[in-house]
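There are 2 protein chains.
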Amino acid sequence: MTFPVVGMVGGGQLARMTHEAGIPLGIRFKILSDTPQDSAARVVPDVTVGDYRDLETLRAFAAGCDVITFDHEHVPTEHLRALEADGIVVRPGPDALVHAQDKGVMRERLARIGAPCPRNRIVASPADVAAFAAEVGGFPVVLKTVRGGYDGKGVWIARSAEDAEEPFRAGVPVLAEEKVAFVRELAANVVRSPHGQAVAYPVVESVQVNGVCDTVIAPAPDLSDELSGQAQALALTIARELGVVGHLAVELFETTDGRILVNELAMRPHNSGHWTMDGAVTSQFANHLRAVLDLPLGDPRPRARWTVMANVLGGDYPDMYPAYLHCMARDPGLKIHMYGKDVKPGRKVGHVNTFGDDLADVRERAHHAAGYLRGTIDE
Amino acid sequence: MTFPVVGMVGGGQLARMTHEAGIPLGIRFKILSDTPQDSAARVVPDVTVGDYRDLETLRAFAAGCDVITFDHEHVPTEHLRALEADGIVVRPGPDALVHAQDKGVMRERLARIGAPCPRNRIVASPADVAAFAAEVGGFPVVLKTVRGGYDGKGVWIARSAEDAEEPFRAGVPVLAEEKVAFVRELAANVVRSPHGQAVAYPVVESVQVNGVCDTVIAPAPDLSDELSGQAQALALTIARELGVVGHLAVELFETTDGRILVNELAMRPHNSGHWTMDGAVTSQFANHLRAVLDLPLGDPRPRARWTVMANVLGGDYPDMYPAYLHCMARDPGLKIHMYGKDVKPGRKVGHVNTFGDDLADVRERAHHAAGYLRGTIDE
Chain A
91 MTFPVVGMVG
101 GGQLARMTHE
111 AGIPLGIRFK
121 ILSDTPQDSA
131 ARVVPDVTVG
141 DYRDLETLRA
151 FAAGCDVITF
161 DHEHVPTEHL
171 RALEADGIVV
181 RPGPDALVHA
191 QDKGVMRERL
201 ARIGAPCPRN
211 RIVASPADVA
221 AFAAEVGGFP
231 VVLKTVRGGY
241 DGKGVWIARS
251 AEDAEEPFRA
261 GVPVLAEEKV
271 AFVRELAANV
281 VRSPHGQAVA
291 YPVVESVQVN
301 GVCDTVIAPA
311 PDLSDELSGQ
321 AQALALTIAR
331 ELGVVGHLAV
341 ELFETTDGRI
351 LVNELAMRPH
361 NSGHWTMDGA
371 VTSQFANHLR
381 AVLDLPLGDP
391 RPRARWTVMA
401 NVLGGDYPDM
411 YPAYLHCMAR
421 DPGLKIHMYG
431 KDVKPGRKVG
441 HVNTFGDDLA
451 DVRERAHHAA
461 GYLRGTIDE
Chain B
91 MTFPVVGMVG
101 GGQLARMTHE
111 AGIPLGIRFK
121 ILSDTPQDSA
131 ARVVPDVTVG
141 DYRDLETLRA
151 FAAGCDVITF
161 DHEHVPTEHL
171 RALEADGIVV
181 RPGPDALVHA
191 QDKGVMRERL
201 ARIGAPCPRN
211 RIVASPADVA
221 AFAAEVGGFP
231 VVLKTVRGGY
241 DGKGVWIARS
251 AEDAEEPFRA
261 GVPVLAEEKV
271 AFVRELAANV
281 VRSPHGQAVA
291 YPVVESVQVN
301 GVCDTVIAPA
311 PDLSDELSGQ
321 AQALALTIAR
331 ELGVVGHLAV
341 ELFETTDGRI
351 LVNELAMRPH
361 NSGHWTMDGA
371 VTSQFANHLR
381 AVLDLPLGDP
391 RPRARWTVMA
401 NVLGGDYPDM
411 YPAYLHCMAR
421 DPGLKIHMYG
431 KDVKPGRKVG
441 HVNTFGDDLA
451 DVRERAHHAA
461 GYLRGTIDE
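From first to last, the protein sequence lines are chains A and B.
Residue numbers 91 to 469, in our numbering, belong to the letters of the first sequence in order.
Residue numbers 91 to 469, in our numbering, belong to the letters of the second sequence in order.
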């Protein structure tokens with residue numbers, strides 16, 4: 091067997107679902123996990139437990155792999171450059187991945203390639219923030235740590251200069267962005283391979299609650315063909331210009347005046363693509379693997395008129411298994427995806443997918459199941 | 091987490107694909123595998139290597155499981171009774187499974203419940219075979235070892251009494267069956283849970299080559315609603331009467347005079363159900379797990395007009411991975427399922443699924459991919 095070995099850095103649910111997608115391809119899959127209890131470490135046989143911030147740990151892990159890829163963006167860029175200098179195949183490579191690691195680098199590069207973004211500037215003090223606010227029509231403005239933020243962490247809404255002090259206390263670089271007036275959030279997900287083949291999934295609507303993705307609707311309802319085509323072309327352009335290999339999620343704002351602006355980039359399988367596991371001919375995980383192995387990409391087209399993904403967050407009950415009885419009996423078409431993580435309030439511990447022809451029904455089924463598993467619905 | 095532990099006896103591809111189906115359910119999955127290189131042992135973390143014919147090995151394995159199920163039917167019936175006497179939950183239980191282990195017991199029981207079967211009799215000598223042949227219209231007749239046969243092994247076509255000697259040399263019980271005049275083979279697959287819920291998949295056509303399943307077409311083309319309904323009702327009746335828990339495959343002959351006769355029974359996920367992985371709302375593997383856990387069963391309905399499964403047999407090339415480039419580039423909708431087994435000529439090492447609206451096209455795509463992977467097609 092010369093089936094390749096794919097090494098994924100990170101043991102979270104993205105690595106878990108990538109293993110699931112790799113089994114039918116016969117891919118040999120290894121992970122570098124923080125602990126033996128991580129989501130993926132519970133289902134993957136070949137687990138290295140170690141710290142991804144340690145270069146020697148990364149080197150030892152990579153030595154047994156044909157290609158290295160990622161379940162998160164937190165590996166230090168300089169370590170990835172060192173691995174490439176060792177001759178390790180790293181996909182996506184550090185020159186691409188840095189744009190998903192550093193929001194300052196990302197904004198600067200997107201501006202150069204003409205990708206529409208909210209107005210933004212690196213700021214060093216509340217005074218800088220006040221000056222920036224004055225230029226973009228006043229407070230409130232959005233402040234983000236340049237590195238390490240996710241799911242609302244590392245993000246602040248500043249309503250005044252006084253209100254803008256906290257982000258600077260950590261002493262890390264801060265990016266100020268105009269607070270965009272948007273009607274909804276969209277995601278344009280594409281997959282690109284080293285030789286330049288790329289596929290675009292249908293543009294989806296992402297509904298956020300408290301800064302965390304709650305629901306994804308595929309395709310985005312009532313999105314004009316023009317805006318949908320613009321979003322897909324934009325994501326394909328970003329993937330090409332930044333040299334992305336693998337799955338790229340481009341999170342977008344649809345503005346009140348009918349434009350799309352880039353909010354965030356993720357260069358890995360992404361929550362906004364979980365619907366593809368049951369809703370597309372080829373899932374984001376299978377296509378990410380095919381891309382990092384430079385195999386021809388799979389058909390990204392939807393298999394149903396509507397697919398809805400709802401995240402399952404931890405609630406007050408530590409064990410969600412008993413809820414399976416009600417959820418599965420109520421909806422035989424429900425697709426449950428649990429991550430094998432210990433339940434903590436608000437933590438993403440799984441998601442559900444539903445599909446069908448009637449959007450209202452498909453949404454209700456997904457929301458009911460996610461709420462029942464969490465414990466916020468009891469019928 | 092009180093998610094249950096399912097223990098599957100056997101480390102073959104059925105256990106491998108059951109693990110794949112169990113990951114999204116958060117099920118904890120263990121296997122008892124003959125070797126660390128078995129198909130499932132390559133992708134499952136919790137592997138016990140041991141001999142399923144040894145009761146103490148089975149007892150030690152079962153001790154860590156909430157329920158025991160199977161990837162093959164070869165576990166001695168008396169061992170399963172001993173496990174049940176220990177209080178282990180065994181699904182399907184020995185009283186059901188014996189009908190898939192012993193063709194004599196199966197034929198006798200099916201006759202009692204009125205399930206249509208080829209005429210048959212236990213025979214002890216070539217003279218018995220000749221007498222049976224005279225009763226059923228003469229030679230040729232089919233001879234089968236009562237236990238242990240599969241994929242054409244343990245089956246003989248006797249054209250005369252002299253031709254009927256080999257099966258008796260092994261000294262094991264032999265079943266004689268009339269050689270049925272059939273137009274094609276069908277399979278009616280159902281899943282039943284302990285509390286009696288059952289679902290029926292669409293009846294499929296199974297195309298055999300040299301006694302090995304080559305292609306499965308779902309649903310069976312040009313099958314009358316009447317015969318389809320009869321086949322599904324027959325499989326549901328057998329599952330209920332025999333007390334089957336889990337997936338039951340009922341292999342059928344469609345006779346030249348328009349009847350259906352039971353050929354074989356399998357009480358586990360089955361080759362004739364592999365199409366469900368990409369072609370049905372709920373796969374046979376997910377429903378087998380739900381059944382043995384007594385969870386409500388999933389929707390068995392098809393997701394496409396036509397789904398075709400083609401087995402990938404080992405050919406002359408030890409490594410099939412390079413063939414992925416051509417197969418994936420030619421058909422972005424192709425679904426490849428490899429088992430991680432070393433390639434040996436004629437050995438089942440994987441399967442492919444294709445789906446769509448045009449049966450001729452869907453069949454051609456499946457046959458091309460299976461042939462190209464095997465090495466019998468080179469364009």
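Where is the CB? At the ideal position from N, CA and C, for every residue including glycine.
Same chain, Cβ closer than 6 angstroms to residue i, five either side skipped, listed in chain order
i, result
"P408/B", "V433"
"Q287/B", "L387"
"D447/A", "R395"
"R211/B", "F222, A266"
Test item: CB-CB of residue i and residue j under 7 angstroms
i, j, result
"V213/A", "V219/A", "yes"
"V302/A", "V294/A", "no"
"E331/B", "L276/B", "no"
"F151/B", "L104/B", "no"
"L187/B", "M357/B", "yes"
"V133/A", "V96/A", "no"
"L170/A", "V180/A", "yes"
"V335/B", "A381/B", "yes"
"P114/A", "H427/B", "yes"
"S129/A", "Y429/A", "yes"
"V402/B", "A456/B", "no"
"A400/B", "V442/B", "yes"
"K120/B", "D136/B", "yes"
"K243/B", "L265/B", "no"
"T138/B", "M98/B", "no"
"V281/A", "V273/A", "no"
"E268/A", "R209/A", "yes"
"V439/B", "G404/B", "yes"
Partners in chain A for residue i, counting only beta-carbon separations shorter than 8 angstroms
i, result
"E110/B", "E110, I113, P114"
"V371/B", "P422, G423"
Beta-carbon contacts of residue i that lie in its chain and below 8 angstroms, excluding the five residues immediately before and after
i, result
"D315/B", "none"
"G423/A", "T444, F445, G446, R455"
"I467/A", "H458, G461"
Test: residue i CB closer than 7 angstroms to a CB of chain A
i, result
"V398/B", "no"
"P386/B", "yes"
"M428/B", "yes"
"V213/B", "no"
Contacts of residue i in chain A (Cβ-Cβ under 7 angstroms)
i, result
"F93/B", "Y411"
CB contact below 7 angstroms: residue i versus chain B
i, result
"D185/A", "no"
"D389/A", "yes"
"K284/A", "It is Pro, not Lys, that sits at residue 284/A in the sequence shown. False, the Cβ-Cβ gap to chain B never drops below 7 angstroms."
"P392/A", "no"
"V442/A", "no"
"V133/A", "yes"
Residue i: contacting residues in chain B (beta-carbon distance under 7 angstroms)
i, result
"A419/A", "P386"
Other residues of its chain near residue i: CB distance less than 7 angstroms, five sequence neighbours each side excluded
i, result
"A271/B", "T345, T346"
"R143/A", "P166"
"S373/A", "A111, T366, M367"
"R391/B", "A370, V371"
"S250/A", "F229"
"P206/A", "R349, I350, L351, V352"
"E469/B", "none"
Contact set between residue i and chain B, taken where Cβ atoms lie within less than 8 angstroms
i, result
"L415/A", "L385, P386"
"R106/A", "I113"
Cutoff 7 angstroms: residue i Cβ touching any chain D Cβ
i, result
"G423/A", "Any reference to chain D falls outside this structure, whose protein chains are A and B."
Per DSSP, the bridge partner or partners of residue i
i, result
"V96/B", "F119/B, V157/B"
"N279/A", "A339/A"
"R330/A", "For R330/A, which the question treats as bridged, DSSP gives no partner whatsoever."
"W32/A", "Past the boundaries of the shown model lies residue 32/A; chain A is included only from 91 to 469, so the question cannot be answered."
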